[in-house]
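Taking it in order: structure first as structure tokens, then the write-up.
Protein chains: 2
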Amino acid sequence: MNNVIAIGREFGSGGREFGRRLAGELGYEYYDKEVLTEIVNHTSLSENYVHEVIEGKAHRLFPITIEQSFNIAPDYSMQQVQDIFRAQTDVIKKMAHSSNCVIVGRCADYILREEPDIRLFRLFVYADIESRVRRCFDRAPEGENLTDKEMRKHIYKIDKDRASYYEDYTLQKWGDKANYDMCINTTNVNIERVVPYFAKMFK
Amino acid sequence: MNNVIAIGREFGSGGREFGRRLAGELGYEYYDKEVLTEIVNHTSLSENYVHEVIEGKAHRLFPITIEQSFNIAPDYSMQQVQDIFRAQTDVIKKMAHSSNCVIVGRCADYILREEPDIRLFRLFVYADIESRVRRCFDRAPEGENLTDKEMRKHIYKIDKDRASYYEDYTLQKWGDKANYDMCINTTNVNIERVVPYFAKMFK
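Going down the list, the sequences are from chains A and B.
First residue of the first sequence: -17, per the numbering used here; consecutive thereafter.
First residue of the second sequence: -17, per the numbering used here; consecutive thereafter.
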């Protein structure tokens, strides 16, 4: 039976770093953007398109129910979005059954919630907005010169998109602690230093 | 510098057992009802009275601001309630400075949030309502024959009282993950089995 650690995270909280280091510490596979690549392979849609959809940037254009199909924007096909979510489900289940792994985002906590023969641990990583802004500035690509206000807006926008995608597909509230086994606040936490301690729980 | 683990918990989630076992595992002092006893010693009010107040059963009778003093119920003195909270603050700070410890409830997470020379870890323990009902039935004193519906009502009532007390005194939302360093969901968790793994993070 494989151990799977599914990590949801607020943007800028270091959830991805936490997951990557945790996987390294435990010798687990680490899946993040790999989920995207695999979905692209499964659907033959463009990487950009799939990315827009699974990061929630596009899906607000789609009504969830067929009945509202008059609302469909011309550039996005609801069928394609549903294909993407189906592929996402298949890809994540396949990854979970292949080996012990850490999967970041992509609704993995929901997709695997009742999957047999998987020991699932659902983790949510979050932090206060000040520390997320700092983290994003520290890691900003060269040439990205956002003001503090713009950075906050950027962070809130990404979280809002992720929350929308998560909530529409899972019917659960994104970030609600009830949906996770554990939630970790990384405000002022040195992730590199704490992950080895955290990993001990799984050893 | 002492390590202090302040634990907030939903009623029936096993937060107290978690704290007690964690303290045992780490060799820390464990404070729960001891806080109450110490407050009683500090205020010379009756134990019952102090208990009613710090469990939030009484304080809804008091307006927080003096201006509304016409609302004060005759049996409870606002001055006494404020004395109790002051004593609670003193007692908890004293405990925190005496040795490494685990403190369950009593707004310790808030009281110690900016206390110097303390390494504070704020933990919130929660669980879904089904598992809390089961736990409460398993531990019900002999002769307590609540129905399932009554037990749920009892659990929600206690949480509501605790939330009111916490929120009025801290101006923070009780159970909001933003106010904790970590939140642990004990639904279907064997606390005795997991605490030693959790404790490793502090060793």
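A virtual CB, placed ideally from N, CA and C, is assigned to each residue, including glycine.
Since this is a predicted model, take the numbers as computed values, not measurements.
Check: Does the beta carbon of Ile166 of chain A come closer than 8 angstroms to any beta carbon on chain B?
Finding: For the purposes of this step, residue 166 of chain A is taken as residue 184 along the first sequence, with counting starting at 1. Contacts with chain B at 8 angstroms (Cβ-Cβ) include Ile166 of chain A.
Next item on the list: Go through its chain and collect everything with a Cβ distance to Lys15 of chain B's Cβ below 6 angstroms, but skip five positions before and after it.
Entry: Taking the second sequence and counting its residues from 1, the one referred to as residue 15 of chain B is at position 33. Scanning its chain for C-beta atoms nearer than 6 angstroms, with the 5 sequence neighbours on each side dropped, one finds no residue around Lys15 of chain B.
Next item on the list: For Lys155 of chain A, return the contacting residues in chain B, with the cut-off set at a CB-CB distance below 9 angstroms.
Entry: As a working mapping, residue 155 of chain A is identified with position 173 in the first sequence. Within chain B, no residue has its beta carbon less than 9 angstroms from that of Lys155 of chain A; the closest one is some 12 angstroms off.
Next item on the list: Less than 8 angstroms between the CB atoms is what I'm expecting for Leu94 of chain B and Ala5 of chain B, so what's the real figure, rounded?
Entry: Residue 94 of chain B sits at position 112 when you count from the first residue of the second sequence. Residue 5 of chain B sits at position 23 when you count from the first residue of the second sequence. About 16 angstroms separates the two Cβ atoms, so there is no contact after all.
Next item on the list: Identify, in the order they occur along the chain, each residue of the same chain with its Cβ nearer than 7 angstroms to the Cβ of Asn170 of chain A, setting aside the five sequence neighbours on each side.
Entry: Here residue 170 of chain A refers to the residue found at position 188 when the first sequence is read from its first residue. Taken in chain order, the residues that qualify are Ser113.
Next item on the list: Answer yes or no: the CB of Val63 of chain B versus the heavy atoms of the ligand ATP, is any distance below 7 angstroms?
Entry: This structure lacks the ligand ATP, and indeed carries no ligand of any kind.
Notebook entry, point to check: Any Cβ of chain A within less than 8 angstroms of the Cβ of Lys182 of chain B?
Noted result: Numbered from 1 along the second sequence, position 200 holds the residue referred to as residue 182 of chain B. It does; some Cβ of chain A falls within 8 angstroms.
Next item on the list: Thinking Met183 of chain A and Phe180 of chain B are a contact (beta carbons under 8 angstroms), I'd like their distance in whole angstroms, please.
Entry: Position 201 of the first sequence, counted from the first residue, corresponds to residue 183 of chain A. Position 198 of the second sequence, counted from the first residue, corresponds to residue 180 of chain B. Rounded to whole angstroms, the Cβ separation of Met183 of chain A and Phe180 of chain B is 6 angstroms, and the two are in contact under 8 angstroms.
Check: So, does the CB of Ala160 of chain A fall closer than 8 angstroms to a CB anywhere in chain B?
Finding: Numbered from its first residue, the first sequence carries residue 160 of chain A at position 178. By this cut-off, Ala160 of chain A is an interface position.
Next item on the list: Kindly list the residues whose CB is nearer than 8 angstroms to the CB of Val115 of chain A, restricted to its own chain and excluding five residues on each side of it in sequence; keep chain order.
Entry: Here residue 115 of chain A corresponds to residue number 133 of the first sequence, with the count starting at 1. Here the set comprises Gly(-6), Asp130, Met133, Arg134 and Ile137.
Check: For the 8 angstroms Cβ check, are there 3 or more pairs between the stretch 66 to 82 of chain A and the stretch 29 to 38 of chain A?
Finding: Touching, yes.
Item checked: Same chain only: Cβ atoms within 7 angstroms of Thr152 of chain B, ignoring 5 sequence neighbours per side -> Your numbering for residue 152 of chain B matches position 170 in the second sequence. For Thr152 of chain B, the CB contacts under 7 angstroms within the same chain, skipping 5 residues up- and downstream, are Cys89 and Tyr92 in chain order.
Margin query: Rounded to whole angstroms, what is the Cα-Cα separation between Glu20 of chain B and Cys83 of chain A?
Written below: Position 38 of the second sequence, counted from the first residue, corresponds to residue 20 of chain B. Position 101 of the first sequence, counted from the first residue, corresponds to residue 83 of chain A. C-alpha separation (whole angstroms): 48 angstroms.
Next item on the list: Please classify Glu96 of chain B: is it buried, with 16 or more other beta-carbons within 10 angstroms of its beta-carbon, or exposed?
Entry: Residue mapping note: residue 96 of chain B aligns to position 114 of the second sequence, counting from 1. Classification for Glu96 of chain B: exposed.
Notebook entry, point to check: CA-CA distance, Leu8 of chain B and Met77 of chain A?
Noted result: As a first step, residue 8 of chain B is located in the second sequence; it is residue number 26 there, counting from the start. As a first step, residue 77 of chain A is located in the first sequence; it is residue number 95 there, counting from the start. Taking the straight line from one Cα to the other gives about 37 angstroms.
Margin query: Taking DSSP's pairing of strands, which residues face Ala(-12) of chain A in a bridge?
Written below: Mapped onto the first sequence, residue -12 of chain A falls at position 6. DSSP output for Ala(-12) of chain A lists A:Ile85 and A:Arg104 as bridge partner(s).
Next item on the list: Give me the Cα-Cα distance between Val86 of chain A and Val177 of chain A, rounded to the nearest whole angstrom.
Entry: On the first sequence, residue 86 of chain A is found 104 positions in, with the first residue counted as 1. On the first sequence, residue 177 of chain A is found 195 positions in, with the first residue counted as 1. Annotation: Val86 of chain A to Val177 of chain A spans about 15 angstroms, alpha carbon to alpha carbon.
Margin query: Could you tell me the alpha carbon to alpha carbon distance between Arg3 of chain B and Ile173 of chain A, rounded to whole angstroms?
Written below: Here residue 3 of chain B is taken as the residue at index 21 of the second sequence, counted from 1. Here residue 173 of chain A is taken as the residue at index 191 of the first sequence, counted from 1. The alpha-carbon atoms of Arg3 of chain B and Ile173 of chain A are separated by roughly 26 angstroms.
Margin query: How far does the alpha helix (DSSP H) with Met60 of chain B in it extend, from its first residue to its last?
Written below: Indexing the second sequence from 1 puts residue 60 of chain B at position 78. Boundaries of the alpha helix (DSSP H) around Met60 of chain B: Met60 to Ser80.
Item checked: Closer than 8 angstroms to chain A by CB, Asp65 of chain B -> The sequence position of residue 65 of chain B within the second sequence is 83, counting from 1. For Asp65 of chain B, not one C-beta of chain A is nearer than 8 angstroms to its own C-beta.
Notebook entry, point to check: Hey, which unbroken runs of the beta strand (DSSP E) at 3 residues or more fall wholly within the stretch 123 to 178 of chain B?
Noted result: Every beta strand (DSSP E) of 3 residues or more that sits fully in the stretch 123 to 178 of chain B is shown, in chain order, as 164 to 167.
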